[in-house]
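Colleague: This note's numbering numbers the first residue of the sequence shown as 11 and each following residue consecutively.
In this text, a Cβ means the ideal position worked out from N, Cα and C, and glycines have one as well.
Quick one: structure below, then a few questions.
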Amino acid sequence: MAAAAALPRCECVPLPGHQVSLRIDGRERCRWHHGAEYPRPFFWPLVAPRSDESLTRIGHPGAPNHDHHRSVWFAHAKVQGVDFWSENTKARIEQKEWLLYEDADDEAAMAVRLEWRDGHDAAPLLTQDLIATLRPQEDDEYVLDLETVFTPRSPDLEFQQSNFGVLAVRVARSLSAHFGSGTLSSSEGKTGEPEIFGQPARWVDYSGPIRQRDTRDAIEAGVTYFSHPSNGASFPQWHVRADGWMGCSLTYEAPRTIRRESPLHLRYLLYVHGGKGDPDRAARVWDEWTRRPARRVVKSMQPHRMFELQPVPTA
Numbered sequence: 011m012a013a014a015a016a017l018p019r020c021e022c023v024p025l026p027g028h029q030v031s032l033r034i035d036g037r038e039r040c041r042w043h044h045g046a047e048y049p050r051p052f053f054w055p056l057v058a059p060r061s062d063e064s065l066t067r068i069g070h071p072g073a074p075n076h077d078h079h080r081s082v083w084f085a086h087a088k089v090q091g092v093d094f095w096s097e098n099t100k101a102r103i104e105q106k107e108w109l110l111y112e113d114a115d116d117e118a119a120m121a122v123r124l125e126w127r128d129g130h131d132a133a134p135l136l137t138q139d140l141i142a143t144l145r146p147q148e149d150d151e152y153v154l155d156l157e158t159v160f161t162p163r164s165p166d167l168e169f170q171q172s173n174f175g176v177l178a179v180r181v182a183r184s185l186s187a188h189f190g191s192g193t194l195s196s197s198e199g200k201t202g203e204p205e206i207f208g209q210p211a212r213w214v215d216y217s218g219p220i221r222q223r224d225t226r227d228a229i230e231a232g233v234t235y236f237s238h239p240s241n242g243a244s245f246p247q248w249h250v251r252a253d254g255w256m257g258c259s260l261t262y263e264a265p266r267t268i269r270r271e272s273p274l275h276l277r278y279l280l281y282v283h284g285g286k287g288d289p290d291r292a293a294r295v296w297d298e299w300t301r302r303p304a305r306r307v308v309k310s311m312q313p314h315r316m317f318e319l320q321p322v323p324t325a
């Protein structure tokens, strides 16, 4: 009898209810939610190594006016005067279409096209193409690599000055420095909100206790959030909170204008690790990630496939 064909380790599995499950060895690591019932798409859960628990959560542990904090999400508070951050306006970020799902032993990749709508004009203010790639690491760890391109409909568009935007992470209650017993640290050796808020760093980490998969005992795990130096600053400024929130601020001090003929390409990485935040280990992940070329979605010449991923040509 012929041997069964090997299945890829990493998979993107579309599910009912406008969701996509990203898996390694058949076990879900994170899930993409893009249903119309939400004002914007998001990733949840972000499962800890050696655990079935998520390192992120939906909403603030103590403030019901922060239900827009949905785990891992893209948004910005001031886009040409429109608030895409809170849920106090008619502005929405909607998935228009998925472009590709790719399964392989070394990674699973998903590409989608989002539209940012102000709630008044039928046409979107801008489109956002997002490539999300899940890659396994050693010891049940993994990375979620996020590459995104913003293209305005008008000749130019301004992300105005704001601490809020564009990629945010709300960690689980147990990881929060205030509500749990977690630790917030940065690449610059700083610890805690007062030392990290508004300060430049290559990455920020939130780590703390989470329940182990089999025994339900508490183990340490965390999320290291990296911003790529090609985003415009090798050491960007960070908006962080002791209550369990972290975001790399694209427009912390000044606005950012993007143009239709030269779209804004941003790259971020979430490293989901076991144990406490380890600067040496984070530095190795940073070095490996920043050596990887940026990628883009292009029309495919392969049969039965409309799009594929391709490295972005370098100048």
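1) Between Q138 and A228, what straight-line distance do the alpha-carbon atoms span, to the nearest angstrom?
2) Would you mind listing the beta strand (DSSP E) stretches within the stretch 76-113 that are 3+ residues and don't spill past its ends, in chain order?
3) Do you know offhand how far Q320's Cα is from S191's?
4) DSSP state of V322, grouped into three classes?
5) In chain order, what residues of the same chain have a beta carbon less than 6 Å from the beta carbon of R102, not counting five sequence neighbours either side?
6) Report buried or exposed for R294, applying the criterion of at least 16 other Cβ atoms within 10 angstroms of its Cβ.
7) Hey, which unbroken runs of the alpha helix (DSSP H) at 4 residues or more fall wholly within the stretch 179-239?
8) What do you reckon, are the CB atoms on V282 and G218 nearer than 9 Å?
9) Here's the rule I'm using: 16 or more other beta-carbon atoms within 10 Å means buried, otherwise exposed. How should D253 be labelled?
10) Report all residues from its chain with a CB closer than 6 Å to the CB of N241; omit the five preceding and five following residues, and keep chain order.
11) By alpha-carbon positions, which one of P323, F317, M256 ends up nearest to A187?
12) Which residue comes first and which comes last in the alpha helix (DSSP H) that contains A292?
13) Specify the secondary structure class of E263 as computed by DSSP and reduced to three states.
14) Below 6 Å CB to CB, which residues in the same chain sit around P55 once its five sequence neighbours on both sides are set aside?
15) What distance in whole Å lies between the Cβ atoms of E203 and R251, which are believed to be in contact at a cut-off of 8 Å?
16) Use the C-beta contact count for P24: other C-beta atoms within 10 angstroms, 16 or more gives buried, fewer gives exposed.
Modeller: With the structure as the only source:
1) A straight-line Cα-Cα distance of about 39 Å links Q138 and A228.
2) The qualifying runs are 82-86, 102-112.
3) Here the alpha carbons of S191 and Q320 stand approximately 42 Å from one another.
4) Three-state result, V322: coil.
5) Closer than 6 Å at the Cβ level, and outside the excluded window around R102, lie P49, R127.
6) Classified as exposed, R294 has fewer than 16 neighbouring CB atoms from the shown chains inside 10 Å of its CB.
7) Fully enclosed alpha helix (DSSP H) runs of 4 or longer: 203-206.
8) Contact: no.
9) Buried, by the Cβ-count rule.
10) Closer than 6 Å at the Cβ level, and outside the excluded window around N241, lie L276.
11) Ranked by Cα distance from A187, the options P323, F317, M256 are led by M256.
12) Per DSSP, the continuous alpha helix (DSSP H) segment holding A292 begins and ends at 289-301.
13) In the structure shown, E263 sits in coil (DSSP, three-state: anything other than H, G, I, E or B).
14) Excluding residues within five positions, the ones whose Cβ falls inside 6 Å are S64.
15) Yes, they are in contact, since the Cβ atoms of R251 and E203 sit about 6 Å apart, within 8 Å.
16) It is exposed - the Cβ of P24 has fewer than 16 other Cβ atoms within 10 Å.
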